[in-house]
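Undergrad: I'd like to ask some things about the structure below.
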Amino acid sequence: MAPILLDGKKLSQKIKDSISQEISKMVSSGKKPPKLATILVGNNPASETYVAMKVKACHSVGMISEKIELPETTSTQELLQVIRRLNQDSDTHGILLQHPCPPQIDERAAFDAIDLKKDVDGVTTLSFGKLSMGVETYLPCTPYGMVLLLKEYGINPEGKSAVVVGRSAILGKPMAMLLSEMNATVTICHSRTQNLSEVVRQADIVVGAVGKPEFIKSDWIKPGAILLDAGYNPGNVGDIEISKAWEKSSYYTPVPGGVGPMTIAVLLLQTLYSAKDHFTPPLK
Ligand code: NAP
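Residue numbers are given in my numbering: position 261 of the sequence shown equals residue 269, and the series is strictly consecutive.
So, in structure tokens, the structure goes:
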């Protein structure tokens, strides 16, 4: 079978179109559209771009966005006050705090101040705990975006061996949890993993979540493996050497146009769920 491209651009558009339609119905029945608040602390140019993309995506589906920009010198207490105000605001359905914050900020305390019912980016400790326990919550956007791609293409991870390279709290770890929820047998790799290439060679599903360009080499890939590349590095390359590895795969995500566009679509989707007063439906 020729390798199949997992088209995140197409699926994210499909998700956004359906969100748009739902919001139109909400509005025509007299309800307010969902609202996502984005908080940007400081002047990190990459973060400014990401927030601008999220605001634009909100508008494209008819959502309201409140963009809050705080100075580089903001203290943790000042940030917490903003988050508490948004938690209290009944018109705000989702809160996104753009990562990374300047170093003086206790980022974990700030994330964890977000009300679980508004944690549409899936970043709180409580959300992660619920995800780990298989309890409904909002899910971290990039991992859930990869899960939705698998579902769209009818790929069932059950019984498959999955190797997730990277264990960050927002990406690698939750992706491993989600794959385990879907009954894959999961190995989590990190910077101290020994014989990484051998571990990856055993995998039916490989997740690149390292943050190093083309780090996972094509000759580590087992023929027929499913390749999910969450990495996004300068030069428009991911964490997997996809230019060569795709030929060996059964399914693969391109970079760009694979996992990346799914992240924002999931953020909007979970904001819509919040406006409808429910969490993200179970995976199975
Ligand atoms: P991160 O917090 O820097 O984590 C990187 C992970 O890779 C760590 O767990 C680290 O291990 C592991 N690692 C580093 N060097 C390694 C090595 N030599 N061998 C094996 N593992 C190694 O990064 P992140 O935030 O998870 O992001 C990873 C990538 O995903 C980046 O390219 C980022 O741009 C991308 N990303 C994309 C989206 C999107 O919307 N598409 C969203 C989030 C992230 P240790 O734990 O041992 O340090």
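Every residue gets a Cβ at the ideal spot worked out from N, C-alpha and C, and that includes glycine.
Which residues mark the beginning and the end of the alpha helix (DSSP H) in which Thr-133 is found?
TA: Taken as a continuous stretch (DSSP letters only), the alpha helix (DSSP H) holding Thr-133 covers 133-141.
Undergrad: In the DSSP output, which residue or residues are listed as bridge partners for Asn-241?
TA: According to DSSP, Asn-241 bridges with Val-245.
Undergrad: Mapping DSSP to helix, strand and coil, what is Cys-66?
TA: Three-state result, Cys-66: helix.
Undergrad: Tell me whether Val-208 sits in a helix, a strand or coil according to DSSP, three-state version.
TA: Helix.
Undergrad: Can the beta-carbon of Gly-232 be found closer than 8 Å to that of Gly-239?
TA: Contact flag unset, no.
Undergrad: Using 7 Å as the cut-off, classify the Cβ of Ile-178 as near or not near the heavy atoms of the ligand NAP, replying yes or no.
TA: It does: the Cβ of Ile-178 is within 7 Å (strictly closer) of some heavy atom of the ligand NAP.
Undergrad: If you pair each beta-carbon of the stretch 197-204 with each one of the stretch 155-168, do three or more pairs fall below 8 Å?
TA: With the cut-off at 8 Å, the stretch 197-204 and the stretch 155-168 do not touch.
Undergrad: Is the stretch 78-88 touching the stretch 137-144, taking contact as three or more C-beta pairs under 8 Å?
TA: With the cut-off at 8 Å, the stretch 78-88 and the stretch 137-144 do not touch.
Undergrad: What residue does the alpha helix (DSSP H) around Ser-20 start on, and which one ends it?
TA: Looking at the DSSP string, the run of the alpha helix (DSSP H) that includes Ser-20 is 16-36.
Undergrad: Given this structure, state the Cα-to-Cα distance separating Met-71 from Gln-29, to the nearest angstrom.
TA: Rounded to the nearest angstrom, the two C-alpha atoms are 11 Å apart.
Undergrad: What is the rounded straight-line gap between the Cα of Ile-193 and the Cα of Glu-166?
TA: Per the sequence shown, residue 193 should be read as Thr rather than Ile. Cα to Cα, Thr-193 sits roughly 8 Å from Glu-166.
Undergrad: Do the CB positions of Gln-96 and Ile-47 come within less than 8 Å of each other?
TA: Their beta carbons are not under 8 Å apart, which means Gln-96 does not touch Ile-47 by this criterion.
Undergrad: By Cβ distance below 6 Å, which residues in the same chain neighbour Pro-42 in space, the five residues on each side in sequence not counted?
TA: The answer, listed in chain order, is Met-71, His-101, Thr-279, Leu-280, Ala-283.
Undergrad: Compare the beta carbon distance of Ala-273 and Ser-20 with 8 Å and say whether it is the shorter of the two.
TA: It is a contact, given that the beta carbons lie within the stated cut-off.
Undergrad: Helix, strand or coil: which one does DSSP assign to Glu-255?
TA: Residue state, collapsed to three classes: helix.
Undergrad: Pick helix, strand or coil for Lys-181, following the three-state DSSP scheme.
TA: Note: Lys-181 maps to helix in three-state DSSP.
Undergrad: Put Leu-147 into one of helix, strand or coil per three-state DSSP.
TA: Residue state, collapsed to three classes: coil.
Undergrad: From which residue to which residue does the alpha helix (DSSP H) around Gly-102 run?
TA: Per DSSP, Gly-102 belongs to no alpha helix (DSSP H); it is in the beta strand (DSSP E), 102-105.
Undergrad: Do Glu-249 and Ile-224 have their beta-carbon atoms positioned less than 8 Å apart in this structure?
TA: Yes, they are a contact pair.
Undergrad: Restricting to Cα atoms, I'd like to know which of Asn-241, Lys-230, Leu-277, Gly-268 is closest to Ser-257.
TA: Checking every option, the nearest Cα to that of Ser-257 belongs to Lys-230.
Undergrad: With a threshold of 7 Å (Cβ to nearest heavy atom), would Leu-204 be considered close to the ligand NAP?
TA: Yes, the Cβ of Leu-204 comes within 7 Å of a heavy atom of the ligand NAP.
Undergrad: Quick one: measure Cβ to Cβ for Glu-76 and Ile-122, integer angstroms, because I've assumed they're closer than 8 Å.
TA: Residue identity differs from the one stated: residue 76 is Ile in this sequence, not Glu. Wrong, their Cβ atoms sit about 13 Å apart, outside the cutoff.
Undergrad: Output needed for Pro-221: all residues of its chain with C-beta closer than 6 Å, excluding positions within five of it in sequence on either side, in chain order.
TA: Excluding sequence neighbours, Pro-221 sits near Asn-241, Val-245.
Undergrad: Where Ala-170 and Ala-211 are concerned, what is the direct C-alpha to C-alpha distance, given to the nearest angstrom?
TA: Computed Cα separation, rounded: 5 Å.
Undergrad: Just the C-alpha distance for Val-49 and Ala-10, rounded to the nearest angstrom, thanks.
TA: Rounded to whole angstroms, Val-49 to Ala-10 spans 46 Å at the Cα level.
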